[in-house]
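Here the structure is laid out as structure tokens; the discussion comes afterwards.
Numbering (our numbering), first residue to last: 218 to 708.
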């Protein structure tokens with residue numbers, strides 16, 4: 218009978234010690250992983266958090282991307298009012314969430330917003346999904362073959378795409394209604410259904426109701442800023458050409474831009490850096506006594522609601538008391554541009570829209586939203602001579618304004634002169650809709666026509682009121698920096 222191998226007591230103790238270490242290490246890894254994945258709780262205040270706040274929770278492993286996606290889909294599907302989403306992209310969202318979770322566990326996030334769930338206006342292509350552009354005409358069209366360029370950049374930064382949000386048909390309208398598809402209700406004025414603002418209506422309502430962490434829209438005459446202002450959000454209208462429009466349904470190519478709707482200026486800045494492939498830098502500290510703001514008087518205040526006037530004047534007073542240099546005057550270029558657009562029924566936007574969608578309008582007018590069709594047909598009747606006059610005036614006036622704007626850090630005016638009307642009001646008749654639509658777009662479209670970048674900031678009122686800052690073309694980063702300094706004073 219063979220003797221069993223014997224080990225010296227010291228060696229045996231070492232082996233047992235090593236086994237214990239390995240056992241503890243394995244259990245620690247399991248415990249950490251279990252805590253990271255299974256024991257996470259969605260914070261009770263998640264709906265009020267900014268995208269960057271949620272990003273920090275994710276990267277500190279205090280919340281899981283998959284849990285977040287579950288939460289948002291549960292909230293969206295239990296939402297009792299008309300959904301701001303046209304459809305959800307669940308398979309895609311869960312796939313992106315699983316990949317994000319893996320990166321976060323490995324401490325390899327793609328950006329500060331890796332794992333943050335967002336929503337997109339249904340003008341942006343998603344690979345393998347239909348882009349309806351808010352129209353029944355495209356309800357059964359072929360799925361897109363690839364993501365819109367902006368969507369792809371968001372994906373590369375780790376953002377999770379929850380789905381597509383409702384829009385005014387073809388994005389032609391500032392009120393936010395869609396009589397043939399979905400009209401989401403204003404998130405702030407809830408005593409009875411009020412309009413959400415458009416055309417990025419669903420993106421504004423989804424974010425304001427906490428059904429995503431940030432959202433994206435397009436802005437041709439105010440379509441990011443209007444739903445942002447009317448739902449108490451930050452909305453950035455970027456400079457023409459800063460963010461690619463590849464894979465985005467066009468409305469008027471001379472004015473179309475892409476921009477984020479957010480809960481903070483930091484979010485807007487982060488998303489802007491992602492979609493422009495630029496380096497994100499923290500805001501520079503600005504001495505308020507060195508800031509010069511031009512408050513635009515005249516046209517932007519005409520027929521303004523008394524609550525809008527009061528809130529904006531109080532914000533201006535607060536800025537002045539903080540040491541900011543406030544200069545107040547009418548701006549010739551803005552007055553002239555407004556008069557020219559007024560004389561030509563909205564001018565080039567509706568003309569370009571009709572030119573873009575002429576064949577659709579002629580073949581499928583019976584399927585179109587009557588308010589959108591009416592505006593399209595206005596564009597049909599604008600002559601090329603009138604268009605040329607407007608284009609030339611825009612170029613001349615924008616050059617003059619850009620030159621004079623060097624004296625100021627930004628120009629300031631009310632984003633919208635009125636509060637959101639009820640849905641019943643604007644559906645009363647065509648004349649009523651047109652009146653409210655013109656007022657909604659009046660101030661915001663000036664920035665598009667005069668080639669400015671612009672941002673709307675929510676004011677701390679019980680009703681949704683925004684104040685708009687503008688800078689010259691290409692000065693988006695400077696605009697965000699000034700907006701950040703100002704927002705700390707007025708919020």
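Positions of the beta carbon are idealized from the N, C-alpha and C atoms, including for glycine.
Going by DSSP, which residues form a beta bridge with residue i?
i: residue 546; result: 513
i: residue 268; result: DSSP, once it has assigned bridges, lists no residue as partnering residue 268.
i: residue 688; result: 670
i: residue 344; result: 361
i: residue 639; result: 411
i: residue 683; result: 675
Determine the burial state of residue i: buried for a count of at least 16 other Cβ atoms within 10 Å of its Cβ, exposed for fewer.
i: residue 649; result: exposed
i: residue 510; result: buried
i: residue 698; result: buried
i: residue 602; result: exposed
i: residue 623; result: exposed
i: residue 363; result: exposed
i: residue 647; result: exposed
i: residue 592; result: buried
i: residue 620; result: exposed
i: residue 498; result: exposed
i: residue 348; result: buried
i: residue 378; result: buried
i: residue 371; result: buried
i: residue 324; result: exposed
i: residue 458; result: exposed
i: residue 555; result: buried
i: residue 302; result: buried
i: residue 411; result: buried
i: residue 576; result: exposed
i: residue 400; result: buried
i: residue 463; result: exposed
i: residue 544; result: exposed
i: residue 662; result: buried
i: residue 534; result: exposed
i: residue 605; result: exposed
i: residue 571; result: buried
i: residue 448; result: buried
i: residue 667; result: buried
i: residue 403; result: buried
Can you look up residue i in the DSSP assignment and give me helix, strand or coil?
i: residue 337; result: strand
i: residue 434; result: strand
i: residue 465; result: strand
i: residue 282; result: helix
i: residue 419; result: helix
i: residue 441; result: coil
i: residue 361; result: strand
i: residue 316; result: helix
i: residue 247; result: Summary for residue 247: the model assigns pLDDT 44, below 50, so the residue's position carries little reliability, and this model does not support an answer.
i: residue 403; result: coil
i: residue 569; result: helix
i: residue 664; result: helix
i: residue 293; result: helix
i: residue 323; result: coil
i: residue 695; result: helix
Ends of the beta strand (DSSP E) at residue i?
i: residue 454; result: 451-454
i: residue 381; result: 377-382
i: residue 757; result: The question about residue 757 has no answer, for the chain in this structure spans 218 to 708.
i: residue 478; result: 475-479
Can you give the beta carbon distance from residue i to residue j, rounded, assuming they're within the 8 Å contact cut?
i: residue 346; j: residue 461; result: Not quite, the Cβ-Cβ distance comes to about 19 Å (not below 8 Å), so this is no contact.
i: residue 343; j: residue 381; result: 7 Å
i: residue 669; j: residue 689; result: 6 Å
i: residue 268; j: residue 479; result: 6 Å
i: residue 488; j: residue 477; result: 4 Å
i: residue 416; j: residue 384; result: 5 Å
i: residue 451; j: residue 481; result: 6 Å
i: residue 414; j: residue 657; result: 7 Å
i: residue 375; j: residue 444; result: With 8 Å as the limit, residue 375 and residue 444 do not qualify as a contact, their Cβ atoms being about 26 Å apart.
i: residue 272; j: residue 333; result: 5 Å
i: residue 680; j: residue 524; result: 6 Å
i: residue 465; j: residue 341; result: 6 Å
If I follow the unbroken alpha helix (DSSP H) through residue i, where does it start and stop?
i: residue 608; result: 601-621
i: residue 302; result: Element bounds for residue 302: not the alpha helix (DSSP H) but the beta strand (DSSP E), 302-305.
i: residue 529; result: 523-538
i: residue 593; result: 587-597
i: residue 659; result: 647-659
i: residue 499; result: Per DSSP, residue 499 belongs to no alpha helix (DSSP H) and is neither H nor E.
i: residue 489; result: 482-492
i: residue 370; result: 366-373
Please indicate yes or no: does the CB of residue i lie closer than 8 Å to some heavy atom of the ligand FMN?
i: residue 414; result: This structure does not include the ligand FMN; it has no bound ligands of any sort.
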